[in-house]
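Letter by letter, the first sequence follows residues 133 to 386 in our numbering. Every residue gets a Cβ at the ideal spot worked out from N, C-alpha and C, and that includes glycine. In this text the structure is predicted, and so the values were computed from the model without any measurement.
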Amino acid sequence: MKIATWNVNSLRVRLPQVLRWLDVHRPDVLALQETKTEDRDFPADEFQRSGYHAAFTGQPAYNGVALLARDPPHELLTALPGSDDPQRRVLAATVGEVRVLNVYVPNGQSLDSDKYRYKLEWLAQLNRWLGELLHHYPRLVVLGDFNIAPEDRDVHDAEMWRGQVLVSAAERAAFRSLLDQGLTDSFRLFEQAGGHYSWWDYRAAAFRRNLGLRIDHILLSAELAARCHGTRIDREPRAWERPSDHAPVTTELS
DNA sequence: ATGGTGGCGCGGCCA
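Here it is, written out as structure tokens:
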């Protein structure tokens, strides 16, 4: 089973790239973030023609998450439990025997921002939900744009980034809490080296110079981690014309 | 050079 995640930074702009990528890689599940698409405008028909069912929760201009799946997704949830947050950042569904939780974690903007406090509170809510999720769904994958580089080796220049948003100690502690509850960063099951990134700023030719961060993750419950054969970051679409600033990440499970 | 690029939507916000 192939499960992938991709922050597309506008599905309207990136639809041809997503269809192209799906056609080549044929994942069983693709989680999208930053669709920036209202539900009534979601291009479900286009994905249907490519053999994918779609589940989605979106809003105009910002946020928005979706799941594309070859088998129909069911038991949909579109928010953190008990949350009345209007920002569309969560989509959970069951596909086959796997529970999939697609997240678009808030960016946080800067450490002195209200958005940073919102990010940490959002992560605390996710952490509070996770124990229950793992209890109910031993085959759980939590994936998406976490907007956190977990360790210095996930950052192109750790000294330059030190203390900034996406790498701060509080964000990393929140990410670590997800792992401590029983999730595994599937990328690190197979690759220990630095220099592997999933996001590169549009500015300053960051991709060409590989000045990136690894902030898109596929986290697996113990049962799924034991079945994981590999997780890779596909840099190819980042080099296409008019790319997303994020690369897709894919994991393979037996 | 507190810049740079991109998306949304048409001014300013967000990443």
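Item, Value
"Rounded separation between R220 and L343 - CA only", "29 angstroms"
"Helix, strand or coil at L209 [DSSP, three-state]", "strand"
"Range of the contiguous alpha helix (DSSP H) that encloses D348", "It is not in any alpha helix (DSSP H) - D348 instead sits in the beta strand (DSSP E) that spans 348-352."
"Buried versus exposed call for Y269 [16 or more other C-beta atoms within 10 Å across all chains shown]", "buried"
"Short Cβ contact (8 angstroms threshold) for P369 with Q165", "no"
"Segment limits, alpha helix (DSSP H) that includes L311", "301-312"
"Contact belief for S318 with A357 at Cβ below 8 angstroms, rounded distance in angstroms", "7 angstroms"
"Contacts around V237, its chain only, beta-carbon distance under 6 angstroms, and the 5 residues preceding and following it disregarded", "F278, N279"
"Limits of the unbroken beta strand (DSSP E) element including Y236", "230-236"
"For V273 and L223, believed in contact at Cβ under 8 angstroms, the rounded distance", "About 13 angstroms separates the two Cβ atoms, so there is no contact after all."
"Secondary structure of V197, DSSP reduced to three states", "strand"
"C-alpha distance - E373 paired with E178, whole-angstrom precision", "21 angstroms"
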